[in-house]
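Student: First the structure, which I've put down as structure tokens, then a few questions once you've had a look.
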Ligand code: SF4
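Protein chains in written order, with our numbering: chain A, 414 to 483; chain B, 633 to 990.
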């Protein structure tokens, strides 16, 4: 239930943002992280970004999630 | 197995050597899944015992709530939006899954925003989102209630079962004569929202180690090692292993959303009973959006299935193998209790990943 995945923010439109989550582009709600900027990595849970993450760690995490998802 | 994982396991073995039995509870269902899937129970030394806690929100939703949701679904004017995991949970007579096959309007959504958008587009229909989950999910519901209030989307409702984690951990610590928990692996995504502070009481008041962990095998092993070092050095504290996501103060904006929309109240956890101040209820101002209020639903006490040990399993007193129905009359395709239904339920995770092991 508390599954959440990291994704990169591409474009921001008001309360929404386009993100790239492991190659898939989706639209999410960013009401809970209003300060997010394109290029940031966020943790996405059920269509909402719930936290902005360290860019440095994000790449590493994405790799791990890929393994986890397999 | 990767080298870093092997090295971590070796270090865990060295550190655990000479320590007495250590019972580490993973509170979060997603951790239970990751531990099972990666076979971590099998690679840890004998004196480290991982026990699963009440961290599967679907599993702790009371039968009376399930029955109420089914009642809502029986009305053809209503449209129920739910996360997929809820569908198979048996209520006292039926399940959402059965109701859907009988033609009820039940839609599985990935995001609660889908339910809200549907409500905006279909003002003549009544939309009920099944709001379930801990602090990871509650801010999402809060954001939508705020939106519904501001836009006067009065055909949008929630059936609210949101719960919060720290009071449940405190409850477990107060039942520690039964479960003997030595330390906690705390839920990383709950803490992404709440931060680490609401968990400080684990070490400050109860003197037990706690580590907020990420979800990969490496994260979990690292967290276990951090716990062992705390035990060895006799310095219990709340540490953050998942530090690129979890900050001490969490996500203050998400917390603010929850505080503005919800009050804290007692809540019934299936299999466990009432836990004080562990539930979120809509503030009076937003009560119209509460399906329980607007559709005049009641809480009716319903007995649990006979012989199901889910209560003891959620409290960490028993392991699934100790339930006499496990793998016999209770299996994922024909679940008796809630812990076998959700993929994150302890019994289901054990059935899938650990059934041939002890
Ligand atoms: S195996 Fe089935 S009946 Fe037994 S505790 Fe688990 S869910 Fe309940």
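We put the beta carbon where it would ideally sit given N, CA and C, even for glycine.
Predicted model, so just to flag it, every value in this text is computed and none were measured.
Take residue 698 (chain B) and list the residues in its own chain whose beta-carbon comes closer than 6 Å to its own, dropping the five residues that flank it on each side.
Tutor: Excluding sequence neighbours, residue 698 (chain B) sits near 721, 723.
Student: Within 7 Å: the Cβ of residue 957 (chain B) and any heavy atom of the ligand NAD?
Tutor: Among the ligands in the structure shown, the ligand NAD does not appear; only the ligand SF4 can be found there.
Student: Look up residue 796 (chain B) in the DSSP assignment and say whether it is helix, strand or coil.
Tutor: Note: residue 796 (chain B) maps to coil in three-state DSSP.
Student: Under 8 Å between C-beta atoms, does residue 416 (chain A) make it to chain B?
Tutor: Closer than 8 Å: yes.
Student: Residue 716 (chain B) by DSSP, collapsed to three states: which one?
Tutor: The answer is helix: DSSP assigns residue 716 (chain B) an H, G or I state.
Student: Is residue 744 (chain B) closer than 8 Å to residue 776 (chain B) when the C-beta atoms are compared?
Tutor: Cβ distance < 8 Å, so residue 776 (chain B) and residue 744 (chain B) count as in contact.
Student: Looking at chain A, which residues of the segment 881–910 of chain B have a Cβ within less than 7 Å of any of its Cβ atoms?
Tutor: Correct list: 883, 885, 886, 889.
Student: Quick one: does residue 742 (chain B) have its CB under 8 Å from some CB of chain A?
Tutor: For residue 742 (chain B), the answer is yes, since a Cβ of chain A falls inside 8 Å of its Cβ.
Student: Could you confirm whether any beta carbon from chain A is found closer than 8 Å to the beta carbon of residue 686 (chain B)?
Tutor: No, residue 686 (chain B) does not count as interfacial toward chain A.
Student: Is residue 972 (chain B) near the ligand SF4, with its Cβ less than 7 Å from a heavy atom?
Tutor: Yes, the ligand SF4 has a heavy atom inside 7 Å of this Cβ.
Student: If you check the beta carbons only, do residue 902 (chain B) and residue 692 (chain B) fall under 8 Å apart?
Tutor: Their beta carbons are under 8 Å apart, which means residue 902 (chain B) touches residue 692 (chain B) by this criterion.
Student: From B:641, B:768, B:913, pick the residue whose C-alpha is nearest to that of residue 460 (chain A); which is it?
Tutor: Per the Cα distances, B:768.
Student: Against chain A, which members of the segment 762–779 of chain B pass a CB distance test of less than 7 Å?
Tutor: Residues 765, 766, 768, 769, 771, 772, 775.
Student: Which of the three DSSP states is assigned to residue 937 (chain B) in this structure?
Tutor: Coil.
Student: Which residues in chain B have a C-beta closer than 7 Å to the C-beta of residue 459 (chain A)? List them in chain order.
Tutor: What residue 459 (chain A) touches in chain B: 742, 743, 744, 769, 772.
Student: Distance check for residue 895 (chain B) and residue 916 (chain B), CA to CA, integer angstroms please.
Tutor: Cα to Cα, residue 916 (chain B) sits roughly 9 Å from residue 895 (chain B).
Student: Any heavy atom of the ligand SF4 within a distance shorter than 7 Å of the CB on residue 952 (chain B)?
Tutor: Result yes, Cβ under 7 Å from the ligand SF4.
Student: So with CB distances below 8 Å, who are the chain A contacts of residue 821 (chain B)?
Tutor: Within chain A, the residues near residue 821 (chain B) are 415, 416, 417, 456, 458, 463.
Student: Please specify which runs of the alpha helix (DSSP H), each continuous and at least 4 residues long, are wholly inside the segment 801–861 of chain B, giving them in chain order.
Tutor: Listed in chain order, the complete alpha helix (DSSP H) runs (minimum 4 residues) inside the segment 801–861 of chain B are 808–811, 820–826, 833–836.
Student: In the structure shown, what three-state DSSP assignment does residue 696 (chain B) receive?
Tutor: Three-state result, residue 696 (chain B): helix.
Student: Answer yes or no: does any C-beta atom of chain A fall closer than 8 Å to that of residue 692 (chain B)?
Tutor: No, residue 692 (chain B) does not count as interfacial toward chain A.
Student: Going by other Cβ atoms of all chains shown within 10 Å of its Cβ, with 16 needed for buried, is residue 437 (chain A) buried or exposed?
Tutor: When all chains shown are included, residue 437 (chain A) counts as exposed.
Student: Do the segment 912–931 of chain B and the segment 859–868 of chain B make contact, defined as three or more Cβ pairs closer than 8 Å?
Tutor: No, the segment 912–931 of chain B does not touch the segment 859–868 of chain B.
Student: Using DSSP with H/G/I as helix, E/B as strand and the rest coil, what is residue 962 (chain B)?
Tutor: It is a strand residue.
Student: Which bits of chain D does residue 824 (chain B) rub up against, with CB to CB less than 8 Å?
Tutor: Absent here is chain D; the protein component of the structure consists of chains A and B.
Student: Give the range of the alpha helix (DSSP H) segment to which residue 925 (chain B) is assigned.
Tutor: It spans 923–926 - the alpha helix (DSSP H) in which residue 925 (chain B) sits, taken as one unbroken run.
Student: Within this structure, are the beta carbons of residue 973 (chain B) and residue 887 (chain B) separated by less than 8 Å?
Tutor: Their beta carbons are not under 8 Å apart, which means residue 973 (chain B) does not touch residue 887 (chain B) by this criterion.
Student: Determine the chain A residues that contact residue 877 (chain B) at a beta-carbon separation under 7 Å, and present them in chain order.
Tutor: In chain order: 456, 464, 466.
Student: Mind checking whether the beta-carbon of residue 722 (chain B) lies closer than 7 Å to any heavy atom of the ligand SF4?
Tutor: Flag unset: Cβ of residue 722 (chain B) not near the ligand SF4.
Student: Going by the C-beta, is residue 577 (chain B) closer than 7 Å to any heavy atom of the ligand SF4?
Tutor: In the structure displayed, chain B extends from 633 to 990; residue 577 (chain B) sits before or after that span and is not available.
Student: Determine, for residue 483 (chain A), whether the minimum Cβ-Cβ distance to residues of chain B falls below 8 Å.
Tutor: Below a pLDDT of 50, predicted positions are generally treated as unreliable, and residue 483 (chain A), at 41, falls in that range; the measurement from the model is reported next regardless. No, residue 483 (chain A) does not count as interfacial toward chain B.
Student: Give the DSSP bridge partners of residue 780 (chain B), in chain order.
Tutor: Paired residue(s): none; residue 780 (chain B) is not in a bridge.
Student: Between residue 432 (chain A) and residue 700 (chain B), what straight-line distance do the alpha-carbon atoms span, to the nearest angstrom?
Tutor: C-alpha separation (whole angstroms): 37 Å.
Student: Where residue 704 (chain B) and residue 756 (chain B) are concerned, what is the direct C-alpha to C-alpha distance, given to the nearest angstrom?
Tutor: Using only the alpha carbons, I get a separation of about 16 Å.
Student: Just by C-beta distance, which residues in the segment 654–667 of chain B are closer than 8 Å to chain A?
Tutor: Within the segment 654–667 of chain B, the qualifying residues are 660, 661, 662, 666.
Student: How far does the alpha helix (DSSP H) with residue 674 (chain B) in it reach, from first residue to last?
Tutor: First-last of the alpha helix (DSSP H) with residue 674 (chain B): 672–675.
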